[in-house]
Amino acid sequence: MTFPNPETATAHVITPTHTGSSEDAPTGPAIPAPTPTPSPPTALGTPTTHPTPSVHVRAAITWLAIFPLVAVGMTLLGPVTDTWHPVLRALVLTLIVVPIAVYLVVPRLFAGYGEITRRRMARRMRA
1 MTFPNPETAT AHVITPTHTG SSEDAPTGPA IPAPTPTPSP PTALGTPTTH
51 PTPSVHVRAA ITWLAIFPLV AVGMTLLGPV TDTWHPVLRA LVLTLIVVPI
101 AVYLVVPRLF AGYGEITRRR MARRMRA
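1 is the number of the first residue of the sequence shown in the UniProt record's numbering; add one for each residue after it.
Written as structure tokens, this is what we have:
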């Protein structure tokens, strides 16, 4: 199998052509692209911005959600799953812990972090 030399190859441009009758041609106005809407101004007159937490903050918040749930889950499931294979125990534990963490605990921790960050920024703006 041989490949063409990129230095001597010519570029092929595919352009759409209409070969049908005028009845088949697309008609109507063009649909404009959506434009982003700015966020509403805050009391301080600046648009609201929610800075994305750093990867380190996200990791810490996720750990703060997962560790207690795993510890409590292992304690509660221990007597029931004591004779089970460790992989099956891990499967059952993660089937319980992950949805609770993802849908309940982590969003609340991020909301709390956002509130703390917002208050800290408001305090800096006043100072």
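Think of the CB as a built atom: it goes at the ideal place given N, C-alpha and C, for glycine as much as any other residue.
Of the residues the options, which one's Cα is nearest the Cα of residue i?
| i | options | result |
| --- | --- | --- |
| Ala65 | Arg126, Thr52, Val97 and Leu77 | Val97 |
| Ser54 | Thr117, His85 and Gly73 | Thr117 |
| Ala60 | Thr81, Pro99 and Val106 | Val106 |
| Thr52 | Ala127, Glu115 and Arg123 | Glu115 |
| Leu95 | Gly73, Arg123, Thr83 and Ala127 | Gly73 |
Which same chain residues end up closer than 8 angstroms to residue i when comparing Cβ atoms and leaving out the 5 residues on each side of it in sequence?
| i | result |
| --- | --- |
| Ala90 | none |
| Val13 | Confidence at Val13 is low in this model, with a pLDDT of 48, below 50, so its placement is unreliable and the value that follows should be read with caution. Contacts found: none. |
| Arg120 | none |
| Leu88 | Thr81 |
Flag this pair as yes or no: are the beta carbons of residue i and residue j separated by less than 9 angstroms?
| i | j | result |
| --- | --- | --- |
| Thr81 | Val92 | yes |
| Val57 | Tyr113 | yes |
| Ala111 | Leu69 | no |
Enumerate in chain order the residues of its own chain whose CB-to-CB distance from residue i is below 7 angstroms, with the five nearest sequence positions on each side excluded.
| i | result |
| --- | --- |
| Leu109 | Ile61, Leu64 and Ala65 |
| residue 148 | With the chain covering only 1 through 127, there is no way to say anything about residue 148. |
| Pro79 | none |
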